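In my numbering, the protein residues as written are 1 to 242.
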């Protein structure tokens with residue numbers, strides 16, 4: 001959320017020494033904000049010689065913290081800690097005659113159809129955040145191969161009921177960008193998450209499932225999978241005195 005209607009918005013610069021770039025921008029613009037700034041960059045800024053003089057303010061952006069999990073835990077759902085997750089997964093596997101597919105260009109239209117149905121049920125047109133997400137999803141699906149994403153979908157009676165896609169963030173971590181499932185199929189979310197990791201990312205040590213955006217149900221779902229680490233992010237801002 002913006003702290004000013006007139007502020008210029010930036011995300012964290014990509015490349016070497018992002019803290020230096022942020023400092024330079026604060027020196028050259030009056031009202032400016034940086035969103036989703038990772039904790040290491042924030043710490044580098046606080047240690048910068050110009051940080052205090054520029055009167056840069058920071059506050060935690062909890063809604064955009066990333067959830068990071070152990071891959072083995074999400075693939076195997078061990079022990080009683082994952083009892084509820086296993087129950088929903090098994091409910092889907094036992095109740096539906098499903099087909100798990102790797103996402104290819106030929107399946108993109110099928111995923112778009114599910115996304116449209118999902119948005120109708122969730123009334124995306126009345127929620128700016130969901131509208132923006134829908135556009136981003138369509139853009140990602142249209143450029144699926146060029147972006148280097150990997151994905152999967154689950155079909156029941158030749159109908160797509162869940163899909164997901166992500167990519168390797170680094171040598172040992174996969175980041176899941178999107179997971180969507182039809183709400184009428186119980187356990188579909190748990191199924192697409194589990195089957196995708198088992199089928200496409202058997203050796204991923206860590207899984208980054210991104211943020212919850214402050215949505216209560218999404219936060220409960222992400223917390224239920226027992227993250228081992230949260231990638232903290234902050235918002236940085238500063239206003240010049242008049």
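Yeah, the Cβ is synthetic: ideal placement off N, Cα and C, and Gly gets one too. Note that the structure is predicted; figures quoted are calculated from it, not measured.
Notebook entry, point to check: Hey, residue 243 and residue 150: beta-carbon distance below 8 Å or not?
Noted result: Residue 243 is absent from the model: the chain starts at 1 and stops at 242.
Notebook entry, point to check: For residue 16, does the count of other Cβ atoms within 10 angstroms reach 16, so buried, or fall short, so exposed?
Noted result: Reading the chain shown from its first residue, position 16 is the one you call residue 16. That one is exposed.
Check: From this set, 23, 29, 31 and 191, which residue's C-alpha is nearest residue 48's C-alpha?
Finding: Taking the chain shown and counting its residues from 1, the one referred to as residue 48 is at position 48. If you compare the alpha carbons of 23, 29, 31 and 191 with that of residue 48, the shortest gap goes to 23.
Next item on the list: Could you pull the start and end residues of the beta strand (DSSP E) that residue 162 belongs to?
Entry: Numbered from its first residue, the chain shown carries residue 162 at position 162. Residues 159-168.
Margin query: Between the alpha carbons of residue 242 and residue 52, how many angstroms are there, rounded?
Written below: One-based indexing of the chain shown puts residue 242 at position 242. One-based indexing of the chain shown puts residue 52 at position 52. Only weak support exists for where residue 242 lies, its pLDDT of 46 falling under 50; the coordinates are left without a value.
Note to self: Helix, strand or coil for residue 11? Go by DSSP, reduced to three states.
What the structure shows: Within the chain shown, residue 11 is the residue found at index 11, counting from 1. Strand, per DSSP.
Checklist line | Cross-strand partners of residue 238 (DSSP beta bridge) | finding: Taking the first residue of the chain shown as position 1, residue 238 is located at position 238. Per DSSP, 32.
Checklist line | Beta carbon of residue 205 nearer than 8 Å to that of residue 164 | finding: Taking the first residue of the chain shown as position 1, residue 205 is located at position 205. Taking the first residue of the chain shown as position 1, residue 164 is located at position 164. Contact check for residue 205 against residue 164 fails: the beta carbons are separated by 8 Å or more.
Notebook entry, point to check: Does the stretch 61-68 come close enough to the stretch 177-188 that 3 or more CB-CB pairs lie under 8 Å?
Noted result: no
Margin query: Relative to the C-alpha of residue 208, which candidate in 126, 158, 73 and 18 has its C-alpha closest?
Written below: One-based indexing of the chain shown puts residue 208 at position 208. Its Cα nearest to that of residue 208, the residue 73 stands out among 126, 158, 73 and 18.
Check: By a C-beta neighbour count over all protein chains shown, 10 Å radius and 16 as the cutoff for buried, is residue 80 buried or exposed?
Finding: Reading the chain shown from its first residue, position 80 is the one you call residue 80. Under a 10 Å Cβ-count criterion, residue 80 is classified as exposed, with fewer than 16 other Cβ atoms of the shown protein chains found around its own Cβ.
Check: Is it right to say residue 1 is buried, meaning 16 or more other beta carbons lie within 10 angstroms of its own, or is it exposed?
Finding: Reading the chain shown from its first residue, position 1 is the one you call residue 1. Low confidence applies to residue 1: its pLDDT is 43, below 50, so where it sits in the model is not reliable enough to give any reading.
Note to self: The alpha helix (DSSP H) that contains residue 110, what's its start and end?
What the structure shows: Counting from 1 along the chain shown, the entry for residue 110 is found at position 110. It spans 108-122 - the alpha helix (DSSP H) in which residue 110 sits, taken as one unbroken run.
Check: Out of curiosity, what's the CA-to-CA distance linking residue 35 and residue 116?
Finding: By one-based count along the chain shown, residue 35 stands at place 35. By one-based count along the chain shown, residue 116 stands at place 116. Cα to Cα, residue 35 sits roughly 29 Å from residue 116.
Next item on the list: With DSSP as the reference, label residue 223 as helix, strand or coil.
Entry: For the purposes of this step, residue 223 is identified with residue 223 of the chain shown, where counting begins at 1. Helix at residue 223.
Check: Does the stretch 125-139 come within contact of the stretch 89-105, defined as at least 3 CB pairs closer than 8 Å?
Finding: no
Note to self: Using the Cβ count rule (16 or more neighbours within 10 Å means buried), how would you classify residue 247?
What the structure shows: Nothing can be reported for residue 247, as the shown portion of the chain is limited to 1 through 242.
Next item on the list: Out of 194, 38 and 230, state which residue places its alpha-carbon closest to the alpha-carbon of residue 82.
Entry: As a working mapping, residue 82 is identified with position 82 in the chain shown. If we check each option's Cα against that of residue 82, 194 comes out closest.
Item checked: Alpha-carbon to alpha-carbon, residue 211 and residue 78 -> Position 78 of the chain shown holds residue 78. Position 211 of the chain shown holds residue 211. Computed Cα separation, rounded: 24 Å.
Checklist line | Residues of its chain near residue 25, where Cβ-Cβ distance is below 7 Å and the 5 sequence neighbours each way are ignored | finding: In the chain shown, the residue the question calls residue 25 occupies position 25. Here the set comprises 10 and 32.
Notebook entry, point to check: Got a sec? Which residues, its chain only, sit under 8 Å from residue 144 by beta carbon, not counting five neighbours each side?
Noted result: The residue given as residue 144 occupies position 144 in the chain shown. Excluding sequence neighbours, residue 144 sits near 103, 105, 108, 151 and 165.
Item checked: Neighbourhood of residue 41 by C-beta distance below 7 Å, restricted to the same chain and skipping five residues each side -> The residue labelled residue 41 in the question sits at position 41 within the chain shown. Taken in chain order, the residues that qualify are 12, 18 and 19.
Notebook entry, point to check: Would the beta-carbon of residue 58 fall within 8 Å of that of residue 234?
Noted result: Locating residue 58 in the chain shown gives position 58, counting from the first residue. Locating residue 234 in the chain shown gives position 234, counting from the first residue. Closer than 8 Å, so yes.
Next item on the list: Tell me, please, which residues DSSP counts as bridged to residue 206.
Entry: Translated into positions along the chain shown, residue 206 becomes position 206. Paired residues: 70 and 173.
Next item on the list: Pull up the distance between the alpha-carbon of residue 139 and that of residue 113, whole angstroms please.
Entry: As a position in the chain shown, residue 139 is number 139, starting the count at 1. As a position in the chain shown, residue 113 is number 113, starting the count at 1. Computed Cα separation, rounded: 14 Å.
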